[in-house]
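Counting with full-length UniProt numbering, you get residues 1 to 114 for the letters of the sequence shown.
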Amino acid sequence: MSKTFAARLNRLFDTVYPPGRGPHTSAEVIAALKSEGVTMSAPYLSQLRSGNRTNPSAATMTALANFFRIKPAYFTDDEYYEKLDKELTWLDSAPWGGGLRIGVGSRVVINESW
Numbered sequence: 001m002s003k004t005f006a007a008r009l010n011r012l013f014d015t016v017y018p019p020g021r022g023p024h025t026s027a028e029v030i031a032a033l034k035s036e037g038v039t040m041s042a043p044y045l046s047q048l049r050s051g052n053r054t055n056p057s058a059a060t061m062t063a064l065a066n067f068f069r070i071k072p073a074y075f076t077d078d079e080y081y082e083k084l085d086k087e088l089t090w091l092d093s094a095p096w097g098g099g100l101r102i103g104v105g106s107r108v109v110i111n112e113s114w
């Protein structure tokens, strides 16, 4: 894998959040997952983000992907990760300044024909 799970997850935290505010906190993500019936502890999410835990279950990856409105393949498929990362980089450095923040409820769209 070109980037670790922690690096990929933190990239989402750093770039995918609603306009007009800063990145989601781990507590916000845990609360949102809980409202969807997914239980994740704060220490576990912290360990995933720090790289102390490196092999999350498919269910964990799916829950996190759903929160950020991306495909779970982002965490395991290098090609898909690279496509999405390029798009996030472009959006973040867009010429209209300040980047574009993508919030929960919207969908990151990748041109699948690239």
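Beta carbons: idealized from backbone N, C-alpha and C, even for Gly.
What separation, rounded to the nearest whole angstrom, lies between the Cα atoms of residue i and residue j?
i	j	result
S26	P56	16 Å
N111	L91	Residue placement at N111 is flagged as unreliable, the pLDDT there being 44, under the threshold of 50; the coordinate-derived value follows with that caveat. Looking at the two C-alpha atoms, the distance is approximately 14 Å.
N10	E87	16 Å
residue 136	A63	The question about residue 136 has no answer here: the residues shown for the chain are numbered 1 through 114.
V29	A59	15 Å
P23	L45	15 Å
N52	G20	32 Å
D78	V16	19 Å
M40	K34	7 Å
So, residue i versus residue j, is the Cβ gap smaller than 9 Å?
i	j	result
I70	L84	yes
K3	Y81	yes
P72	M61	yes
Considering just the uninterrupted stretch of the alpha helix (DSSP H) at residue i, what are its terminal residues?
i	result
K86	78-92
E28	26-35
R11	5-15
Y44	42-50
T60	58-68
Which whole-angstrom value is the C-beta distance of residue i and residue j, which I expect to be below 8 Å?
i	j	result
residue 121	F75	Because the chain in this structure spans residues 1 to 114, residue 121 falls outside the shown range and cannot be described.
F5	T54	6 Å
Please find out if some non-hydrogen atom of the ligand GTP comes closer than 8 Å to the beta-carbon of residue i.
i	result
N10	Within the structure as shown, the ligand GTP is missing, as the structure has no ligands at all.
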